[in-house]
Each structure stands twice: as C-alpha cells, then as structure tokens.
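If you want the working numbering, it's the position in the sequence shown, counting the first as 1, plus 259.
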Amino acid sequence: MKRRVHETLSKHIDHAIVLEKPKDRKFGHYATPIAFSLAKTLRRNPMQIADELAQKLSQEAIFEHVEAVKGYVNLKLSADFLNEYATWALKNEEDFGRGQKDKTILLEFVSANPTGPLHIGHARGAVWGDVLARVGNRVGYTIEREYYVNDAGNQIYLLGLSVYLAARESVLNLDVEWPEEYYRGEYIVDLAKEAVESLGAEKFMDESFIPEIAEWAKDRMLELIKRNLEEVDITFDHFVSEKSLYDRWDEIFTKLVERNAVYEKDGKWWLRSTEHGDEKDRVVVREDGRPTYLAGDIIYHYQKFERGYDHYINIWGADHHGYIARVKAAIAFFGHDPQRLEIILSQMVSLLKNGEPYKMSKRAGNFILMQDIVKEIGPDALRFIFLTKKSDTHLEFDVEDLKKEDNSNPIYYINYAHARIFSLFDKAQKSQESVFDTDMEGLSDQAYDLLFTALLLPEVLEEAFESRQLQKITEYLKTLAGMYHKFYYDNKILGTPDEAKLLKLSAMVGMSIRVGLRMLGIAAAEKM
Numbered sequence: 260m261k262r263r264v265h266e267t268l269s270k271h272i273d274h275a276i277v278l279e280k281p282k283d284r285k286f287g288h289y290a291t292p293i294a295f296s297l298a299k300t301l302r303r304n305p306m307q308i309a310d311e312l313a314q315k316l317s318q319e320a321i322f323e324h325v326e327a328v329k330g331y332v333n334l335k336l337s338a339d340f341l342n343e344y345a346t347w348a349l350k351n352e353e354d355f356g357r358g359q360k361d362k363t364i365l366l367e368f369v370s371a372n373p374t375g376p377l378h379i380g381h382a383r384g385a386v387w388g389d390v391l392a393r394v395g396n397r398v399g400y401t402i403e404r405e406y407y408v409n410d411a412g413n414q415i416y417l418l419g420l421s422v423y424l425a426a427r428e429s430v431l432n433l434d435v436e437w438p439e440e441y442y443r444g445e446y447i448v449d450l451a452k453e454a455v456e457s458l459g460a461e462k463f464m465d466e467s468f469i470p471e472i473a474e475w476a477k478d479r480m481l482e483l484i485k486r487n488l489e490e491v492d493i494t495f496d497h498f499v500s501e502k503s504l505y506d507r508w509d510e511i512f513t514k515l516v517e518r519n520a521v522y523e524k525d526g527k528w529w530l531r532s533t534e535h536g537d538e539k540d541r542v543v544v545r546e547d548g549r550p551t552y553l554a555g556d557i558i559y560h561y562q563k564f565e566r567g568y569d570h571y572i573n574i575w576g577a578d579h580h581g582y583i584a585r586v587k588a589a590i591a592f593f594g595h596d597p598q599r600l601e602i603i604l605s606q607m608v609s610l611l612k613n614g615e616p617y618k619m620s621k622r623a624g625n626f627i628l629m630q631d632i633v634k635e636i637g638p639d640a641l642r643f644i645f646l647t648k649k650s651d652t653h654l655e656f657d658v659e660d661l662k663k664e665d666n667s668n669p670i671y672y673i674n675y676a677h678a679r680i681f682s683l684f685d686k687a688q689k690s691q692e693s694v695f696d697t698d699m700e701g702l703s704d705q706a707y708d709l710l711f712t713a714l715l716l717p718e719v720l721e722e723a724f725e726s727r728q729l730q731k732i733t734e735y736l737k738t739l740a741g742m743y744h745k746f747y748y749d750n751k752i753l754g755t756p757d758e759a760k761l762l763k764l765s766a767m768v769g770m771s772i773r774v775g776l777r778m779l780g781i782a783a784a785e786k787m
C-alpha cells in the first residue's frame with residue numbers, strides 16, 4: 260500500500276517524499292509533510308502548497324479523501340482500493356509482502372563453541388538470526404546463513420581433557436585429579452562413555468591421545484548443536500571451521516605487515532586498531548609466535564569479504580561488544596569499508612518458573628539448556644517470546660505464563676484469532692477462496708480500520724527488517740489479533756446480509772496472521 264501511495268504522489272511531486280501514519284486514524288491512513296520541504300525550495304507558504312496538493316490528489320482514484328491540515332496532507336485510502344488490494348493479496352499469499360532489493364547479505368549467527376549443548380542465551384541469538392533471515396528474504400534481500408565453528412584454541416583441548424578425565428573416573432574407575440578449569444555436566448560423562456566405546460579404552464591411558472579425543476568430542480558436540488537447532492527449525496547454508504582458516508594466517512599476516520597495520524613490540528605483534536577507533540592496540544601474535552583469538556577473527560573476516568557480498572551481519576553475544584572496534588579496524592586495513600560489517604548484539608535471558616529463578620540443568624552443569632525449554636513450552640512459544648523485545652535489551656520471562664490458554668499468553672491469543680477465522684468458514688460451510696472476489700463496499704469504519712491494519716503486514720515486515728527491530732512483528736500480530744477478537748464480539752458475521760464481505764475481511768486478517776507467524780518460523784493453528 261505504501262508503495263502505491265508513494266507512486267501516486269510521485270506523479271505530482273518531483274521531490275523526495277516522506278509518508279507517515281497518523282496516530283489517530285480519523286486523520287487518514289497516511290500523511291505527508293512534503294509541503295514543508297517544497298516551501299524551502301519554492302519559497303512559498305507551506306499551507307498554500309498543501310492546499311494545492313490536496314486538490315490535485317483528490318482526483319486520484321486511490322484516495323477517498325485528501326485534506327490539507329496545517330501544512331500536512333492527510334490521505335484516506337478509498338474502499339475500492341482497499342478491496343482491490345485485499346483481493347490480490349488473498350489470491351497471492353506467497354507474494355504478499357515480497358519485494359526485490361537486489362542486494363546480498365551474509366548473516367553469521369549462533370556460532371557457539373562446539374564444547375556443549377546450546378543454552379538459553381544461544382537460543383535467543385539463534386531465533387533472532389533465523390527470523391532476521393526469513394524476513395529479509397521475504398522483503399527482497401538474498402540472505403545466506405553462516406555458522407562460524409570455533410574449533411581452534413584452548414577450549415577444544417579443554418573439552419578433550421574433560422572427556423578424557425571423565426572417562427578415566429566414571430568409566431574406567433581410575434583415580435583422577437581434576438584441574439581448576441574443565442567442562443562440567445552430565446553431558447561430559449555421557450560423552451566419555453560413548454568415547455570409550457567408539458575410540459577404545461587404550462586411548463584413555465595416555466594423555467597424548469587428548470587432541471584426538473578432543474576432535475572426536477568436538478564433532479559430537481557439533482552434531483548435538485545441529486540437532487538442537489533443527490528442533491526449532493533453524494538451519495544454515497554454511498558451516499565455516501575456524502581451524503581450517505589458520506592455513507592462511509601467514510598470507511594474511513604478510514598483508515597486514517605490507518599495509519603497516521601491525522608493529523612489533525615486547526616480542527609480540529600488535530594491530531594498530533587505535534587508528535580506527537579502538538581504545539587500545541591489540542595483540543595478534545604472542546611472544547611464542549602463536550596467533551591470538553583475534554587473528555582467527557581477522558582471517559575469517561578477510562575471507563568473508565573475499566566472497567563479495569554487499570553487506571555482512573554478525574549476531575554476537577553482548578559480552579563480545581569489545582571486539583567490534585578491533586575487527587572493524589582489520590577490515591579497514593584491508594581496504595574495505597568497515598560499515599559493510601554490521602554487528603547486532605544479543606543480550607542475556609533470565610528465566611523464571613512460577614516467579615522463581617529457573618533451575619540450572621544438571622546435564623549442562625551451570626546452564627539452562629535450550630532443549631529443556633523447548634520440551635517445556637514448545638518451539639513456537641520460545642520463538643515468539645524471544646522476538647518480543649529488541650535483541651540488545653535484557654529479556655526476562657516466566658515459562659508458566661507461556662503455557663496459559665488465555666489472552667495473557669500472546670502466542671495463544673494470536674493463534675486463537677486465526678483458528679476462530681477457520682472455524683467461521685467451517686460453520687458457514689464455505690471455502691475461503693469462495694469469498695475472495697466479494698466486493699467489500701459499504702462496510703463500517705471499524706471493519707475498514709481492521710482491513711487496513713491487516714493489509715499493513717508488508718510495511719511492518721520491511722520496517723522491522725530495515726530497523727532491525729523484529730519486535731515490531733510480534734507487536735503487530737498482537738494488535739491485529741486483538742482488533743479481530745473485538746470485531747468478532749462487536750459484530751454478527753454469519754447469517755447477515757454482509758456475511759460474504761465479513762468473511763472476506765476475516766480471511767484477510769487470517770492470512771496476515773498466518774504469513775506474519777510464518778515469518779517468525781511459527782505455523783498458525785487452524786484448530787484450538
């Protein structure tokens with residue numbers, strides 16, 4: 260709708276056009292302050308310009324009423340246009356909200372260390388990234404999903420050591436001296452039992468086999484992580500191994516030296532990251548010649564930019580905030596625009612159960628497992644609640660609230676509206692397709708208000724993606740469902756002269772709920 264309004268205004272105005280939605284719908288569906296911008300160019304009174312524009316635009320069939328108010332031009336869409344657009348939308352559900360942006364994006368998210376099952380903090384970033392990709396693809400971007408596997412460094416050796424010691428203690432009944440730092444939890448003991456069966460007990464008699472055990476355990480953990488993600492319908496196009504990238508370190512380090520991006524001091528090599536906004540320079544090579552964790556990030560992002568996407572998005576945990584400036588500095592030294600890399604931070608999650616802190620999983624040691632919450636409330640509720648706030652704000656919720664079957668549970672409330680619409684058609688003994696061509700002329704203001712809101716979904720999706728505020732979608736769905744429930748209680752639908760019109764309106768509301776939920780990775784319920 261917004262695009263059609265914009266196109267109509269462009270026929271009369273050769274200037275950048277801003278469209279707003281008035282808070283009070285009585286002023287119109289859209290409004291534009293364009294007269295104020297034209298007043299500066301034309302050196303005329305904006306009130307006069309607004310009056311002239313209102314007269315011209317009143318002749319356009321798309322508008323029922325156009326009014327100039329204090330320099331603003333308020334635009335009310337015609338019933339014919341709303342009906343025509345609804346008919347098209349209902350007949351083209353797969354294209355409703357679909358755009359064409361001609362821009363490619365590489366989206367990296369989750370990227371949890373393959374040292375244990377996914378916890379609830381990982382789950383938030385996972386759901387958020389998945390929905391960002393779904394919505395971005397819908398509005399016209401070409402988005403590929405990537406998981407960066409942190410399989411190099413001490414954490415993998417520590418995983419191997421933990422499995423090695425757990426196998427000796429719990430499987431082979433040997434005395435073990437545990438180090439200060441190791442991975443805890445029942446999953447480590449389970450891994451140890453499986454490792455002894457798979458690799459043989461002799462591998463647990465000699466510490467020299469720990470790297471081999473670590474590699475085996477890492478692969479098992481990555482399989483588990485993929486299963487955790489599949490349980491909530493999250494998939495990836497690429498998995499990139501950090502370990503595999505280090506083969507290119509000498510080549511990339513040479514490029515850094517050639518660009519005067521690094522210098523040697525105190526036996527270490529430092530990245531001149533302060534030249535690009537970092538608070539201090541960062542070590543990339545230790546005294547013993549081993550590259551640091553930052554070196555892996557530098558190789559990875561060099562390789563990313565080699566692949567030629569138009570834009571790059573990383574979703575990181577909030578604890579990685581300090582890494583943003585140093586990674587962008589490396590990108591700048593390689594001659595790329597660091598603004599092409601966008602970092603979205605995902606804050607932590609606090610879980611309650613009946614108002615009390617949710618108990619940690621014995622299986623994970625000191626975390627709340629994603630798979631445990633999925634089993635308790637289901638993947639749909641998990642997805643929805645993670646999308647009710649901006650990703651960079653703290654989220655707290657009570658799992659018991661998401662089990663309630665009333666309007667305090669938003670996913671239940673929205674699904675109930677969709678199922679109610681299906682029930683209406685069942686009672687009417689009509690298919691939804693049978694009312695698609697019905698003319699909805701003559702409906703009440705309440706009905707047209709509901710219809711306009713249902714037709715707003717494409718704009719909501721685009722605004723949510725462009726602003727990276729996916730909570731706009733959940734807010735919209737709650738609003739639309741609430742409007743429909745009220746309309747249902749206020750109006751008799753079946754057995755009235757306007758039955759077909761009101762069923763078409765209901766079908767349009769149902770389709771917007773269904774497509775909106777689909778963008779969140781949720782299948783709308785047809786029966787409750």
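By construction, the Cβ of each residue, glycine as well, lies at the ideal position given by its N, Cα and C atoms.
In this model, aspartate 339 and glutamate 319 are separated by some 12 Å (Cα to Cα). In the three-state reduction of the DSSP assignment, tryptophan 437 falls in the coil class. In this structure, tyrosine 406 lies away from lysine 362, with their beta-carbon atoms at least 9 Å apart. For aspartate 525 and glycine 356, the gap between their C-alpha atoms comes out near 57 Å.
In the assembly as shown, lysine 731 is a buried residue. Its beta-carbon has 16 or more other beta-carbons within 10 Å. Beyond the five residues adjoining it in sequence on each side, methionine 787 comes within less than 6 Å, by CB distance, of Tyr675, Ala678 in the same chain, given in chain order. Isoleucine 572 sits in a strand when the DSSP states are folded into three classes. Residue pairing for arginine 531: DSSP places it in no beta bridge.
Between valine 543 and phenylalanine 512, the C-beta gap is smaller than 9 Å, which places the two residues in contact. Nearest to leucine 600 by C-alpha distance, out of Gly637, Asp556, Ala345, Glu311, is Asp556. Straight-line spacing of the CA atoms in lysine 634 and aspartate 540 works out to 46 Å.
With a minimum length of 4 residues, the unbroken runs of alpha helix (DSSP H) contained wholly in the segment 400-445 fall at 413-425.
DSSP places tyrosine 559 in the uninterrupted alpha helix (DSSP H) bounded by 552-565. By the criterion of a C-beta distance shorter than 6 Å, glutamate 490 is surrounded in its chain by Val633, once the five residues flanking it on both sides are discounted. Between phenylalanine 695 and leucine 377, the beta carbon gap of about 43 Å keeps them out of contact (Cβ cut-off 8 Å). Secondary structure note for isoleucine 590: its alpha helix (DSSP H) is the uninterrupted segment 582-592. Of all alpha-carbon atoms in Ala382, Ala589, Leu417, the one lying nearest the alpha-carbon of glutamate 439 is that of Leu417. Counting the other CB atoms within 10 Å of its CB gives proline 373 a total of 16 or more, which places it among the buried residues. Straight across, the Cα-Cα distance linking glutamine 562 with leucine 628 is about 32 Å. Taken atom to atom, the span from the alpha-carbon of methionine 770 to that of serine 682 is near 14 Å. Within the segment 475-518, the runs of alpha helix (DSSP H) at least 4 residues long that lie entirely inside it are, in chain order, 501-504, 508-517. Checking the DSSP bridge columns, you'll see histidine 324 partnered with Lys335. Look at the beta carbons and you see the segment 423-443 not touching the segment 495-511: under three pairs across the two are nearer than 8 Å. Assignment of threonine 363 by DSSP, reduced to helix, strand and coil, places it in the strand class. Here the alpha carbons of leucine 431 and isoleucine 447 stand approximately 15 Å from one another. Secondary-structure assignment with DSSP links threonine 291 through a beta bridge to Val332.
One Cα belongs to isoleucine 469, the other to alanine 426, and the distance between them is close to 12 Å. Residue environment for threonine 291: buried (at least 16 other C-beta atoms within 10 angstroms of its C-beta). Of Arg727, Leu424, Thr712, the smallest CA-CA separation from lysine 282 is found for Thr712. The Cβ atoms of leucine 553 and arginine 585 sit closer than 9 Å to each other.
Valine 608 and histidine 265 have their C-alpha atoms spaced approximately 41 Å apart. Its chain contains Val394, Gly395, Val398 as the residues whose beta carbon lies nearer than 6 Å to that of phenylalanine 724, once the 5 sequence neighbours on both sides are disregarded; these appear in chain order. With respect to the C-alpha of leucine 714, the residue from Arg773, Gly780, Arg383, His560 having the closest C-alpha is Arg773. A Cβ-Cβ separation of about 5 Å places valine 325 in contact with alanine 313 under the 8 Å criterion. Rounded to whole angstroms, glycine 548 and aspartate 509 show a C-alpha spacing of 11 Å.
The DSSP-derived three-state label of leucine 709 is helix.
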